[in-house]
Amino acid sequence: MFYYSIGNSKTGFIKDQVRLNPFIVKTKMPSRELDIQDLKISFSTPRGKLTAVNGISFHLNQGETLALVGESGCGKTVSALSILRLLPEPPAEILSGKILFSGQNLLSLNAKALQNLRGRSISMIFQDPMTSLNPVLTIGEQMAETLLRHTPMSRPEALQKSADLLGKVEIPSPKEKLKHYPHQLSGGMRQRVMIAMALACSPRVLIADEPTTALDVLIQAQILELLGNLKRETGMSILIITHDLGVVAEIAQRVLIMYAGEIVESGPAQALLDDPRHPYTRGLIASVPKLGALKKTGTRLEEIPGNVPSLDQRPSGCAFHPRCNWAIEKCKTQKPPLREGEGQRQWRCHLEPGSL
Amino acid sequence: MNKGKGPALLEVRDLKKHFLPRKRFLQEQAPPVRAVDGISFTLQAGETLGLVGESGCGKSTAARTLLRLIEPTSGQISFCGKNLTDIPETEMRALRREMQIIFQDPYSSVNPARRIGRILQEPFEIHGFQNKKEKTEKAAQLLERVGLPPEHFNRYPHELSGGQLQRVGIARAIALNPKLVVADEPVSALDVSIQAQIINLLSDLKEQLDISYLFISHDMGVVEYFCDRVAVMYFGKIVELANSEQIYNSPQHPYTTALLNAIPNLESGRIKQEAPIKGDIPDPGNPPQGCAFQSRCPLKEKQCAEEIPALKEIAPGHYAACFLKQ
Numbered sequence: 001m002f003y004y005s006i007g008n009s010k011t012g013f014i015k016d017q018v019r020l021n022p023f024i025v026k027t028k029m030p031s032r033e034l035d036i037q038d039l040k041i042s043f044s045t046p047r048g049k050l051t052a053v054n055g056i057s058f059h060l061n062q063g064e065t066l067a068l069v070g071e072s073g074c075g076k077t078v079s080a081l082s083i084l085r086l087l088p089e090p091p092a093e094i095l096s097g098k099i100l101f102s103g104q105n106l107l108s109l110n111a112k113a114l115q116n117l118r119g120r121s122i123s124m125i126f127q128d129p130m131t132s133l134n135p136v137l138t139i140g141e142q143m144a145e146t147l148l149r150h151t152p153m154s155r156p157e158a159l160q161k162s163a164d165l166l167g168k169v170e171i172p173s174p175k176e177k178l179k180h181y182p183h184q185l186s187g188g189m190r191q192r193v194m195i196a197m198a199l200a201c202s203p204r205v206l207i208a209d210e211p212t213t214a215l216d217v218l219i220q221a222q223i224l225e226l227l228g229n230l231k232r233e234t235g236m237s238i239l240i241i242t243h244d245l246g247v248v249a250e251i252a253q254r255v256l257i258m259y260a261g262e263i264v265e266s267g268p269a270q271a272l273l274d275d276p277r278h279p280y281t282r283g284l285i286a287s288v289p290k291l292g293a294l295k296k297t298g299t300r301l302e303e304i305p306g307n308v309p310s311l312d313q314r315p316s317g318c319a320f321h322p323r324c325n326w327a328i329e330k331c332k333t334q335k336p337p338l339r340e341g342e343g344q345r346q347w348r349c350h351l352e353p354g355s356l
Numbered sequence: 001m002n003k004g005k006g007p008a009l010l011e012v013r014d015l016k017k018h019f020l021p022r023k024r025f026l027q028e029q030a031p032p033v034r035a036v037d038g039i040s041f042t043l044q045a046g047e048t049l050g051l052v053g054e055s056g057c058g059k060s061t062a063a064r065t066l067l068r069l070i071e072p073t074s075g076q077i078s079f080c081g082k083n084l085t086d087i088p089e090t091e092m093r094a095l096r097r098e099m100q101i102i103f104q105d106p107y108s109s110v111n112p113a114r115r116i117g118r119i120l121q122e123p124f125e126i127h128g129f130q131n132k133k134e135k136t137e138k139a140a141q142l143l144e145r146v147g148l149p150p151e152h153f154n155r156y157p158h159e160l161s162g163g164q165l166q167r168v169g170i171a172r173a174i175a176l177n178p179k180l181v182v183a184d185e186p187v188s189a190l191d192v193s194i195q196a197q198i199i200n201l202l203s204d205l206k207e208q209l210d211i212s213y214l215f216i217s218h219d220m221g222v223v224e225y226f227c228d229r230v231a232v233m234y235f236g237k238i239v240e241l242a243n244s245e246q247i248y249n250s251p252q253h254p255y256t257t258a259l260l261n262a263i264p265n266l267e268s269g270r271i272k273q274e275a276p277i278k279g280d281i282p283d284p285g286n287p288p289q290g291c292a293f294q295s296r297c298p299l300k301e302k303q304c305a306e307e308i309p310a311l312k313e314i315a316p317g318h319y320a321a322c323f324l325k326q
């Protein structure tokens, strides 16, 4: 049983649960693994202090896969890195907000407490496994390091556990692979090693930053399936950061769409993909060529005009207004209100619902 | 494989590019890496041919080899009736007016120290336009043609976004009215919302300037939308070649099927047909005997481990290299 979609409205949640599984009538609110409130992050640059993340709030429920979607420079990776306090501070600075992990504000923890948390309770995997693995250490040495840091076990035990973990992520002949160096493995294998390392201490939350972007489609499909299986087995929660809506459709239950440092839309994945409410989400979906909807001669792909705004040139009002086909006068000056719809849908837009 | 529509713009016969690994002291020479291992195809004037495959399958090497940016090991490339493999470099240079390339990463394919205007004038300089005023005018026209505002003329590459700079890359490629443009993953490095802009620009230019494209990509969705015919490459060889309806509606090679199954579908009500295929591409330093796809193929038979299947026509215009379909 998986929690399909969870928002603030309790009634909507129960309705969804009942629809999905008629045997469950009484459900409790799922507990929030991560609760991010009004997070604001800026960077000091020669051009002044630039706001990368402008007051975002979201939560990750226990056992759910949440996707954070956006283009380069929208602040999605910065938000994710800030959860584990991995941003270099300075130049980065967390101006305001709270990051609650089981009721504890991660922003008030000291370095040692954070170190105990990283890799044990919350793990992270990155886009390019080659740059996040140490090239001069064998796979076994790197994997054992995480285990020895967080759990009381001997080196041989740690190596044995590492081999088990490699087997779990479907790496053939795991014992042998422990002696290999990262460059001896293919990209897909390296990403599996990263996942195995991240799962070493059975974390409750896995943050995956573009885990399949550097991989080929066939390998991407393998990795996504693996992540799905592991999640089902371990019951962990996954926050996946991606720019690829296909990946979202594949594994996410809930989606947050980010644009220019703000969350512009959120909701259950399939509902959001089928019926986007924000013009940006709509544009993103329309600009992906659909397989099977074979080109009719003369039809053009729908495009979002203009460019992704850089950090120092974020427009006033609704940040998307210069690229929006529906923009009205109000969009240029006023921040759009947060609108709520049925089924845990939220979006920020001046337009009345249904006018897209 | 000429479809009988008159002479082909580009005809490639048994093109090979092998790279010799560096010989180490006191060690035996390692066998060559067969990056492109005997590919043949034709490209008709006005046609868009897609070349798809995973990274490392040799698609970019193939593109660079057929423009002779790297020298082929063997094989014939005939462009407008001229055999490119045995003409001298001076004549090749003149022919390069007709065949241009667009690269994946726009930032690494332009000189960061030159202004956009200067970058766009360079093709004219190389090919003998000396009049300064004429050059400037032409460069300005190019900017307009690819949809960039005139003030970008005096900017530097780092002042432009990825999408804008890719437009500069495209402008540079079309400067001399080429007949053939090789587009090597032109949208892969761009943001999703920008990809559609660039694809539309390439379509418009095709209409306006009568360009034929060799479109290299790993994105099956974009290829279906953009290409008339598609060649699927695996481990240095073309394993399937057909028009896009045939490839997408009735793929014949198990690798093509696997590629199509691996594409996530955004629409609801989707049913995942099959689990993704297992395994990785073989080690190029140690190629398998027989069919290169056998290690991952769900339909593998005994013959596949012994012989290499040849690319054969299995339906009109539809070629596949698989024993099961022949």
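Chains as they are written, first to last, in the numbering used here: chain A, 1 to 356; chain B, 1 to 326. Yeah, the Cβ is synthetic: ideal placement off N, Cα and C, and Gly gets one too.
What is the residue span of the beta strand (DSSP E) that residue i lies within?
{"i": "N61(A)", "result": "48-61"}
{"i": "R155(B)", "result": "No beta strand (DSSP E) holds R155(B); DSSP gives it neither H nor E."}
{"i": "G75(B)", "result": "74-79"}
{"i": "K98(A)", "result": "92-101"}
Who are the Cβ neighbours of residue i in its own chain at under 7 Å, not counting the five residues just before and after it?
{"i": "K26(A)", "result": "Reliability fails at K26(A), whose pLDDT of 44 lies under 50, so the model's placement of it is uncertain and no value is given."}
{"i": "G75(A)", "result": "A52, V53, M258, G261"}
{"i": "E313(B)", "result": "Y319"}
{"i": "Q313(A)", "result": "none"}
{"i": "E54(B)", "result": "H218, I281"}
{"i": "E151(B)", "result": "none"}
{"i": "K332(A)", "result": "S316, G317, H321"}
{"i": "S202(A)", "result": "T234"}
{"i": "I271(B)", "result": "With a pLDDT of 49 at I271(B), under the threshold of 50, the modelled position of this residue cannot be trusted, and the question is left open."}
{"i": "Q191(A)", "result": "P129, P211, L215, I223"}
{"i": "L328(B)", "result": "Absent from the model: residue 328(B). The displayed extent of chain B is 1 to 326, so no value can be given."}
Can you give me the start and stop residues for the alpha helix (DSSP H) that residue i sits inside?
{"i": "D14(B)", "result": "First-last for D14(B): 10-19, but that is the beta strand (DSSP E), not the alpha helix (DSSP H)."}
{"i": "P328(B)", "result": "Outside the shown range of chain B (1 to 326) lies residue 328(B), about which nothing can therefore be said."}
{"i": "M99(B)", "result": "From DSSP, M99(B) is part of no alpha helix (DSSP H) but of the beta strand (DSSP E) over 99-102."}
{"i": "S317(A)", "result": "Note that residue 317(A) is Gly in the sequence shown, not Ser. Careful: G317(A) lies outside any alpha helix (DSSP H) and carries neither H nor E."}
{"i": "H150(A)", "result": "139-150"}
{"i": "M233(B)", "result": "It is not in any alpha helix (DSSP H) - M233(B) instead sits in the beta strand (DSSP E) that spans 229-234."}
{"i": "S79(A)", "result": "76-83"}
Out of the options, which one is the CA nearest neighbour of residue i?
{"i": "N116(A)", "options": "N61(A), L133(A), L148(A), I41(A)", "result": "L148(A)"}
{"i": "C291(B)", "options": "K138(B), G279(B), P309(B)", "result": "P309(B)"}
{"i": "E93(A)", "options": "R118(A), I99(A), L206(A), S82(A)", "result": "S82(A)"}
{"i": "M189(A)", "options": "G167(A), C201(A), A200(A), L206(A)", "result": "G167(A)"}
{"i": "H253(B)", "options": "L214(B), K206(B), N265(B), C304(B)", "result": "C304(B)"}
{"i": "Y213(B)", "options": "S78(B), R229(B), G221(B)", "result": "R229(B)"}
{"i": "L10(B)", "options": "A321(B), T85(B), Q141(B)", "result": "T85(B)"}
{"i": "G58(B)", "options": "I70(B), E47(B), T48(B)", "result": "I70(B)"}
{"i": "Q127(A)", "options": "G140(A), L178(A), L215(A), H150(A)", "result": "L215(A)"}
{"i": "H180(A)", "options": "T45(A), E157(A), E141(A)", "result": "E141(A)"}
{"i": "E89(A)", "options": "I263(A), T45(A), S132(A)", "result": "T45(A)"}
{"i": "T65(B)", "options": "V12(B), C80(B), A231(B), L43(B)", "result": "V12(B)"}
{"i": "L160(B)", "options": "S310(A), L351(A), G341(A)", "result": "S310(A)"}
{"i": "I198(B)", "options": "V288(A), L272(A), S162(A)", "result": "V288(A)"}
For residue i, I'd like the list of residues in its chain whose CB is within less than 6 Å of its CB, leaving aside the five on either flank, ordered along the chain.
{"i": "L20(B)", "result": "P32"}
{"i": "H18(B)", "result": "P32, R34, T73"}
{"i": "F320(A)", "result": "Y259, Y280"}
{"i": "P7(B)", "result": "none"}
{"i": "Q326(B)", "result": "K312"}
{"i": "Q246(B)", "result": "H318"}
Taking 8 Å as the limit between beta carbons, can you name the residues of its chain near residue i, skipping five residues before and five after?
{"i": "E191(B)", "result": "The sequence shown places Asp at residue 191(B), not Glu. Within the same chain, D191(B) has close Cβ partners G162, G163."}
{"i": "N105(A)", "result": "K98, I99"}
{"i": "P178(B)", "result": "R97, E98, M99, Q100, I211"}
{"i": "N265(B)", "result": "none"}
{"i": "A80(A)", "result": "L68, M124, I207, D209, L239, I241"}
Residue i and residue j look like a contact to me (Cβ under 8 Å); what is the Cβ gap, rounded to whole Å?
{"i": "A62(B)", "j": "L95(B)", "result": "In fact, because the Cβ distance is near 18 Å, the residues do not count as touching under 8 Å."}
Original post:
At a cut of 8 Å, does the region 86-94 of chain B reach the region 29-45 of chain B through at least three beta carbon pairs?
Top reply: no
**OP:** Could you say if the region 216-231 of chain A and the region 36-52 of chain A meet the contact criterion of at least three C-beta pairs nearer than 8 Å?
**Re:** Cβ pair count under 8 Å is below three, so no.
Original post:
At a cut of 8 Å, does the region 236-244 of chain A reach the region 191-210 of chain A through at least three beta carbon pairs?
Top reply: Yes, since at least three Cβ pairs between the region 236-244 of chain A and the region 191-210 of chain A fall closer than 8 Å, the two stretches touch.
Original post:
Should the region 132-148 of chain A be regarded as contacting the region 57-77 of chain A, the criterion being three or more beta carbon pairs within less than 8 Å?
Top reply: By the Cβ test, the region 132-148 of chain A is not in contact with the region 57-77 of chain A, since fewer than three Cβ pairs between them sit closer than 8 Å.
Original post:
Any contact of the region 324-338 of chain A with the region 257-266 of chain B, i.e. 3+ C-beta pairs under 8 Å?
Top reply: no
Subject >> Sufficient close CB pairs (3 or more, under 8 Å) joining the region 118-128 of chain B to the region 166-181 of chain B >> reply: yes
Original post:
Pairing CB atoms from the region 332-347 of chain A with CB atoms from the region 264-280 of chain A, are three or more of them under 8 Å?
Top reply: yes
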